[in-house]
Amino acid sequence: MKVFRALKIFAVVWRYGIDEFLLASKRFSLLRPVLSLGNRYASPRGERLRLALETLGPIFVKFGQVLSTRRDLIPPDIADELAKLQDRVAPFPSAEVEKILIDAYKKPLDQVFTKFDRVPVASASVAQVHFGEITVKGEPVEVAIKVLRPGILPVIENDISLLYMLGGWVEKFSADGRRLKPREVVGEFDKHLHDELDLMREAANCSQLGRNFADKRLLILPDVYWDWCHINVMVMERMHSVPISSMDRLHAEGIDIKKLSREGVEIFFTQVFRDGFFHADMHPGNVQVAIAGPHKGKYVSLDFGIVGTLSDIDKHYLAQNFLAFFNRDYKRVAQVHVDSGWVPAGTRVDELEAAVRSVCEPIFGKPLAEISFGLVLMRLFQVSRRFNVEIQPQLVLLQKTLLNIEGLGRQLDDRLDLWDTAKPFLERWMNEQIGWRGWIETLKDEAPQWAKIAPQVPRLLHSALVAQSNLQNPAAQKEPVSKIISPKIGFFTNLWLALIALALLGILFTLWVPLLFD
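Here you go:
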């Protein structure tokens, strides 16, 4: 099966003339007359690349979506074509959509939806979306109905299987194979792609993000209508919004673009560091802006099939890295890499510090428009290779999302200073984590457990003292406790127990009284 899939990939590459990108290199100039046969290069290169990615399936489409946001790395004609992959992939027939919905609900569509538009409003590699209307508590509600593309699972599994095979080859034959951990990286994508095929899981992701941003100050999430959701159907509130890439429309609606760019950075860092739960598929089709109603001008997030999570350890090390970078403390950046185990333990911190400085110092404080991230990425890769920096598979989605965020930032405001925008947020977050506020929050989290344990402390300490005395004097095990512990020891024991109990009660009182008056 892998061999047939590989042959299909080569056939698609040949059919759409994707080898033109390879032949553009001077190294292969002698092959151009031989390989550029027929009329394979007649259509524009961007269109051919887009069609090839669509033909190859979801994984390749997602790769194109990431590339489409990086106009600093690819030519405009290619970026414009790849942008069409965000929500304009060829739809599947409405007859199949109706069959899926009838199978899910076990009843005719007119008994489920009061209105249903058979023409999809958006079609992507994994699913497509239709607008409709349902009745909730006697009131009509406009909804968006997301339907999973039929037959998508075998396609994804074939591609993932092929990627595992290629990853194995990289590990076996590449000098960087062990450091890059290609099969573990593929494993991360495998897990998240399979999660994306379960629309109940996506609905749960949407609800979680909605709770995280319940104040709706920065980000608006659609409500989920659970009674209409199935594993291959998701029904949510219809959002009146436009893609973030629709700059002309945003200007026409009077949206503050510079404010959007700053808030986009804050939303990203809030999701990553405060919540450890972030939207990991942030191409322009999924990031929109409300153009009507009370939330006009605010971000609207869509498509929650792929989300990333971070452990407290990952968040802590990442925050230290970012903050050290913003403070130009490259020694701290190097030390954090050593402490976290991302580089071998014997790595010289001063050498790594010098290498990091050489990459970061030239771009520090510059707006996006003046930074060549292609050059930065190349130099970072050289540094990581020299110092055997190990790829962290759990952070691959975060790195992908960072590419999306930076690409979106360029489209909104290429004069945005990422450093000045992000630094105050990270400083505040670090203070909340390791400062006195963080200590108070930790006490609050532990208070319920302490409330259970505190009354037991005197008895437990008393039992421990008796047990210790019995070990030291076995003959006294049959004696009454009052004879085992002398009055003097008993006095100090009771004093310590009383002080401990009072301290615990004081802490609990301090924690609970503010909660009573919230």
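According to the working numbering, the residues represented by the sequence shown are 203 to 720, in order.
Yeah, the Cβ is synthetic: ideal placement off N, Cα and C, and Gly gets one too.
{"Item": "Measure how close the beta-carbons of Ile211 and Leu251 come, nearest whole angstrom, since I'm counting them as under 8 Å.", "Value": "With a Cβ gap of about 14 Å, Ile211 and Leu251 do not count as contacting."}
{"Item": "Quick one: any contact between the region 398 to 417 and the region 477 to 489, if contact means 3 or more CB pairs under 8 Å?", "Value": "yes"}
{"Item": "Inspect the CB distances between the region 416 to 426 and the region 434 to 449 and report whether three or more fall short of 8 Å.", "Value": "yes"}
{"Item": "At which residues does the beta strand (DSSP E) containing Ser338 begin and terminate?", "Value": "According to the sequence displayed, residue 338 carries Val and not Ser. Here the beta strand (DSSP E) through Val338 covers 329 to 338."}
{"Item": "Whole angstroms is fine: what's the gap from Asn407's alpha carbon to Arg550's?", "Value": "42 Å"}
{"Item": "Taking the beta carbon of Gln267 as the centre, do at least 16 other beta carbons fall within 10 Å, making it buried, or is it exposed?", "Value": "buried"}
{"Item": "Assign Trp371 to one of two classes, buried (16 or more other C-beta atoms within 10 Å of its C-beta) or exposed (fewer than that).", "Value": "exposed"}
{"Item": "In chain order, which continuous runs of the beta strand (DSSP E) of length 3 or greater are located wholly inside the region 526 to 568?", "Value": "none"}
{"Item": "Is Gly334 buried or exposed, if buried means 16 or more other CB atoms sit within 10 Å of its CB?", "Value": "buried"}
{"Item": "Since Ile433 and Asp400 should fall inside the 8 Å C-beta cutoff, what is the C-beta to C-beta distance between them, to a whole number of angstroms?", "Value": "6 Å"}
{"Item": "What is the rounded straight-line gap between the Cα of Asp531 and the Cα of Ala556?", "Value": "11 Å"}
{"Item": "With a CB to CB cut of under 6 Å and the five nearest residues on each side skipped, what residues in its chain are close to Gln473?", "Value": "Phe480"}
{"Item": "Would Val535 and Ala526 qualify as a contact pair, given that the criterion is a beta-carbon distance under 7 Å?", "Value": "yes"}
{"Item": "Rounded to the nearest angstrom, how far is the Cβ of Phe471 from that of Phe627, given a contact under 8 Å?", "Value": "5 Å"}
{"Item": "Based on Cα-Cα distance, which residue from Pro293, Ser665, Leu610 lies nearest to Val331?", "Value": "Pro293"}
{"Item": "Among Phe528, Ile261, Gly487, whose alpha-carbon lies nearest the alpha-carbon of Leu355?", "Value": "Ile261"}
{"Item": "If you drop the 5 nearest sequence neighbours on each side, which residues of the same chain put their C-beta closer than 6 Å to that of Ile607?", "Value": "Phe470"}
{"Item": "Report, in whole angstroms, the separation of the C-beta atoms of Asp561 and Val598, which I expect to be a contact under 8 Å.", "Value": "With the sequence shown as reference, residue 561 is identified as Val, and Asp is not the correct amino acid for it. Not a contact, Cβ separation roughly 20 Å."}
{"Item": "For Val509 and Lys264, what's the separation of their Cα atoms in angstroms?", "Value": "14 Å"}
{"Item": "How would you call Gly353, buried or exposed, if buried means at least 16 neighbouring beta carbons within 10 angstroms?", "Value": "exposed"}
{"Item": "For Ala416, which three-state DSSP category applies?", "Value": "coil"}
{"Item": "On the DSSP letters alone, give me the boundaries of the alpha helix (DSSP H) that Ile304 sits inside.", "Value": "296 to 307"}
{"Item": "With distances taken between CB atoms, is the gap from Ser503 to Leu421 smaller than 7 Å?", "Value": "yes"}
{"Item": "On the three-state DSSP scale, how would you describe Lys690?", "Value": "Confidence in Lys690 is poor, its pLDDT being 47 and thus under 50, which makes the residue's placement too unreliable to answer from."}
{"Item": "So Cys431 and Ala405 are in contact, right, with Cβ under 8 Å, and what is the actual spacing, rounded?", "Value": "5 Å"}
{"Item": "Considering only their Cβ atoms, is the gap separating Ser447 from Pro486 smaller than 7 Å?", "Value": "yes"}
{"Item": "Contact check, Ser270 vs Ala285 under 8 Å by CB: the rounded distance?", "Value": "5 Å"}
{"Item": "Name the one or two DSSP bridge partners that Lys317 has.", "Value": "Glu335"}
{"Item": "In whole angstroms, what is the alpha-carbon distance linking Ala213 and Leu255?", "Value": "12 Å"}
{"Item": "Going by CA-CA distance only, name the one from Tyr501, Gly248, Val558 that's closest to Arg278.", "Value": "The identity of residue 278 in the sequence shown is Pro, whereas the question assumes Arg. Residue Gly248 is the option with its Cα nearest to Pro278."}
{"Item": "To the nearest angstrom, how far is it from the Cα of Lys317 to the Cα of Pro342?", "Value": "10 Å"}
{"Item": "Do Pro445 and Gln490 come within 7 Å of each other at the CB atom, strictly closer than that value?", "Value": "yes"}
{"Item": "Could you give the distance in angstroms between the alpha-carbon of Thr603 and the alpha-carbon of Ile304?", "Value": "36 Å"}
{"Item": "Determine the DSSP secondary structure at Val598, reduced to helix, strand or coil.", "Value": "helix"}
{"Item": "Bridge partners of Gly510, per DSSP?", "Value": "Phe480"}
{"Item": "Quick check: what's the CA-CA separation for Glu373 versus Gly543?", "Value": "20 Å"}
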